[in-house]
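In what follows, a structure is listed as structure tokens, so that the remarks can point back to it.
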Amino acid sequence: MIKPYGDTLDDGKVQLSFTLPVPWSEAADEAARQLVVKMGFSDVQVAEGRAIAENFSFFVVYASTSQAIDFESLAVPSVKTHKMSMEEIDALLEERVGRKVRVAGACIGTDAHTVGIDAILNMKGYHGDYGLERYKMLETFNLGSQVSVEDLVRFTKEKKIDALLASQVVTQKGSDVKNFTALVELLEAEGLRDNVILCCGGPRMTSLLATELGYDAGFGRGTLPSEVAAFIATRMPHRAG
Amino acid sequence: MQIQIDRKAVARCRKSAAAIADPVQAFVERHSTVSVERSILRLLGVDGVGPGDTPAPNIIVESLDASELAAGVAIPFGRALVETGLAPRELGERLANGGAELAQFSGVSKEAARSAIAASARDAFDRVLARHGERNDLMHQMPQLPAPLLYMIVASGNIYEDRTAAVAAAEAGAQIIAVIRSTGQSLLDFVPYGPTTEGFGGTYATQANFAIVREALDEASRRLGRYVMLTNYASGLCMPEIAAMAALERLDMLLNDSMYGILFRDINMKRTFVDQHFSRKLNAASGIIINTGEDNYLTTADAVEQAPAVLASQFINEELAHRAGMPDRQIGLGDAYEIDPNLEDGFLLEVAQAQLARQIFPDAPLKYMPPTKHMTGDIFKGHLIDAMFNLTSVMTGQTIHLCGILTEAIHTPFLGDRALSLDNARYIMRTARHFGDEVIPKPGGRIERRAADVLGECEVLLERVAARGLMASIEAGVFADVKRSPDGGRGFDGVFERAPGYWNPFEELLS
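Protein chains in written order, with my numbering: chain A, 131 to 371; chain B, 1037 to 1547.
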């Protein structure tokens, strides 16, 4: 069992900060303290309480939790394949698949922020790691921004896409999850789900969330193009015969 | 702070920028767009929506066939004004709701139509100038705090929540409030109408929304004794219309880049060049400071490599803004603090770039954008990177300072995040206020050498673009590694060649 570590094993120390919609006063400090007590914390210390606007106060609070987690019993999937270079990935694809693998990427829904998908697909890549367009054994289609789920599925069908990368940068009010879900559902309805390696990406994406959404992999902030390429390469079925 | 800069190289860059702008300007003068025509109607007073919430200006412009539109919307609309005797707004509503059609007024003489429009346009222009004068008075009565002006973003999707956040940010020290637009609005070929309470990653730019936040900030300004500026975004398919709305609602700044839409939103380049020109003419008359979008070069590619492209874009934006009649004091050229924090001496490179821009564009209110690309879930480190950005800004004398937020990588800022961000900026700028005046970078040292390299590469880049032409260069992927064709992208079908006798009543007034 594990608990947060402040300076002593199992002291359960956490830091919290939040805003309350009241002008600052000593009563506001007390409200902050009681709120954290109500959250189930003990040993609550309001380290800082102050006005940040006429009708808002900001607090920094330290407290202890009695909760603990059985770490040994956790099972969390991880998509991290071992690091491979572009050359290794191309060689693997040549040997395993023997043809160019077709990869399509898009920012789905109303999202116009192509920063993420461009970093993965554009020749230039990200952080010194070349984008998928540069791979000999990948044929990439960057469909850009604001691609409807319907259009993406139609494209997948027409072009016999092997791997699909859906990107969502805007996450406000869960719009990303809604769009990601709509894509999986439509692929399933069209009977295409098992034909594609389905990946999602965005600043807050995690493997766990991706799995819950029904994707094969999810890539979060800081993902390098070669990580995505390696995942696709290792998931591509071996060629027949 | 001063660094040694090769002034002759700067002059050569400006010469190249002029050579780049010449053919663009020639193209602009022979063309108009549906958005320019709609902005003429908006300036005249047309507003509101027709069936299906289609804005009246769209319905009216779309009712003209291509040959009619080629002469401009002004004359046909003027004919209807003469015949009906209605005010532009009422006429617009009637046309939008099918109560009349422009075609039925073709009997009215062109001269009568022209003089009716000229009178209305003069009134509209006076309204724009009155708003400009009002801002000057308010800023005189309630002076701003010294630059860098702290610029804070609100983006809840709901204009009423934005209003609350805007006032709170002003109270916490913000001097400029920007209401971020809903994602994708730049790709809409119309401007939504009325107050809005839903959006993605931001709130729709509508004239009603502009007015709501303006009123709240005017009230906050009076209470705080300093004028709080309001910013929105013009770049996109409706640049001129948003410029018109912003002029009427006394916005103080607008994002308006000559190439952003082309490169980063796949908006047709011809459309963008024509639209940016007319919108900037309007911005010039309304005293609105434009903010250009050079930060985008840095967020999509390596910031060290892209530095010359940023400077080149600044020269091009400056030249095109001058041609729209904008004085330097209204040209907020952009830059950003986006170098990888793991790079040794990255801070020195940032100082070099910021100082270079400061000295090359001494009278421009430079807009400095915060780190975004290398911000992570580690908010503590993020807060430190923001502090280095704040230091760079105050020591190099940047003007418009977009405050970096520690939760940049996590969510649209919480109210408390904004307050922490403002605290950070105010602390650094107070404690280091005159630091830049006290230090002289080592002659021939790392900072000067970097600035010289960037300027040198920029000069080569501008020469290459001038030789090839701006449109052909964009087509070849010279900027941001993005290739766009002259007739591709969104909004190309809304560009048209002016027929002989084409008339935009505001062009003369604005010249």
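Every residue, glycine too, gets a C-beta built ideally from N, C-alpha and C.
Contact under 8 Å by Cβ, residue i with residue j
i, j, result
"P1184 of chain B", "Q1350 of chain B", "no"
"L1427 of chain B", "I1483 of chain B", "no"
"A1393 of chain B", "L1385 of chain B", "no"
"G1272 of chain B", "Q1221 of chain B", "yes"
"Y1404 of chain B", "I1436 of chain B", "yes"
"K290 of chain A", "R232 of chain A", "yes"
"R1156 of chain B", "L1080 of chain B", "One point to set straight first is that residue 1156 of chain B is Ser, not Arg, in the sequence displayed. It is a contact, given that the beta carbons lie within the stated cut-off."
"F1021 of chain B", "M1295 of chain B", "An answer regarding residue 1021 of chain B cannot be provided, because it is not within the stretch 1037 to 1547 covered by chain B."
"A198 of chain A", "K133 of chain A", "yes"
"V1060 of chain B", "L1506 of chain B", "yes"
"R1066 of chain B", "R1534 of chain B", "yes"
"R1078 of chain B", "E1277 of chain B", "yes"
Between the CA atoms of residue j and residue i - distance to the nearest angstrom
i, j, result
"V1164 of chain B", "S1322 of chain B", "6 Å"
"L150 of chain A", "A1149 of chain B", "59 Å"
"E1544 of chain B", "M1178 of chain B", "33 Å"
"D324 of chain A", "R334 of chain A", "25 Å"
"E280 of chain A", "I362 of chain A", "23 Å"
"R1258 of chain B", "P153 of chain A", "20 Å"
"F1471 of chain B", "P1522 of chain B", "47 Å"
"G1297 of chain B", "T1308 of chain B", "7 Å"
"G1481 of chain B", "M1424 of chain B", "20 Å"
"L1138 of chain B", "S1075 of chain B", "17 Å"
"S1547 of chain B", "V1082 of chain B", "23 Å"
"V277 of chain A", "T1232 of chain B", "24 Å"
"G1537 of chain B", "A1110 of chain B", "11 Å"
"A1337 of chain B", "K1417 of chain B", "22 Å"
"H243 of chain A", "F285 of chain A", "20 Å"
"F1063 of chain B", "I1213 of chain B", "35 Å"
"Y1263 of chain B", "L1290 of chain B", "17 Å"
"E156 of chain A", "A1208 of chain B", "20 Å"
"D1173 of chain B", "V144 of chain A", "51 Å"
"M1275 of chain B", "L139 of chain A", "59 Å"
Contacting residues, own chain, Cβ-Cβ under 7 Å from residue i (five flanking each side not counted)
i, result
"G1238 of chain B", "A1191, G1193, I1216, R1217, S1218, T1219"
"K1409 of chain B", "T1335, E1374"
"E1495 of chain B", "A1045, R1048, C1049"
"H257 of chain A", "L354"
"L1451 of chain B", "A1201, A1204"
"I1415 of chain B", "L1442, T1443"
Nearest-angstrom beta carbon gap, residue j and residue i [assumed within contact, 8 Å]
i, j, result
"I250 of chain A", "V358 of chain A", "5 Å"
"R1454 of chain B", "D1399 of chain B", "Wrong, their Cβ atoms sit about 30 Å apart, outside the cutoff."
"N1304 of chain B", "V1531 of chain B", "7 Å"
"L1186 of chain B", "R1301 of chain B", "No, L1186 of chain B and R1301 of chain B are not in contact; Cβ-Cβ is about 28 Å, not under 8 Å."
"F189 of chain A", "S147 of chain A", "6 Å"
Proximity winner among the options, relative to residue i (alpha-carbon distances)
i, options, result
"G344 of chain A", "A:R226, A:D159, A:V307", "A:V307"
"L1456 of chain B", "A:V174, A:R163, A:F186", "A:F186"
"N1540 of chain B", "B:V1514, B:D1459, B:F1314", "B:F1314"
"T1328 of chain B", "B:A1461, B:V1430, B:L1181, B:L1356", "B:L1356"
"A205 of chain A", "A:V190, A:V144, A:L338", "A:L338"
"T301 of chain A", "A:D241, A:A158, A:G352, A:A360", "A:D241"
"A1132 of chain B", "B:Q1140, B:T1090, B:K1417", "B:T1090"
"V1097 of chain B", "B:S1071, B:L1174, B:L1117", "B:S1071"
"D1159 of chain B", "B:L1181, B:P1124, B:G1135, B:M1188", "B:P1124"
"D1371 of chain B", "B:E1380, B:R1286, B:Q1389, B:A1279", "B:Q1389"
"M1188 of chain B", "B:A1152, B:A1055, B:E1444", "B:E1444"
"P1228 of chain B", "B:V1310, B:V1085, B:R1199, B:P1406", "B:V1085"
Own chain residues within Cβ distance below 6 Å of residue i, not counting five before or after
i, result
"C330 of chain A", "A296, F310, A340, Y345, G348"
"G371 of chain A", "Interpretation of G371 of chain A is limited by its pLDDT of 41, a score under 50 that renders its predicted location unreliable; the figure taken from the coordinates is listed afterwards. If we look at G371 of chain A and ignore the five residues flanking it on each side, it has no Cβ neighbours."
"F1236 of chain B", "S1218, T1219"
"D1042 of chain B", "none"
"E342 of chain A", "none"
"L1497 of chain B", "P1344, A1348"
"S172 of chain A", "S194"
"D159 of chain A", "V176, G179"
"Y192 of chain A", "Q145, Q175, A177"
"A1339 of chain B", "E1374, I1375"
"L1284 of chain B", "none"
"G1440 of chain B", "P1406, P1407, D1422, F1425"
Cβ-based neighbour list, residue i, same chain, cut-off 8 Å, excluding 5 preceding and 5 following
i, result
"V283 of chain A", "L313, L316, L317, E320, L322"
"F271 of chain A", "R232, V233, A234, G235, F285, K289, I291"
Chain-ordered neighbours of residue i on chain C, where CB pairs are closer than 7 Å
i, result
"A1204 of chain B", "Absence of chain C from the displayed structure is noted, the protein chains being A and B."
Heavy atom of the ligand ADP within 7 Å of residue i beta-carbon
i, result
"V1085 of chain B", "This structure lacks the ligand ADP; in fact it carries no ligand of any kind."
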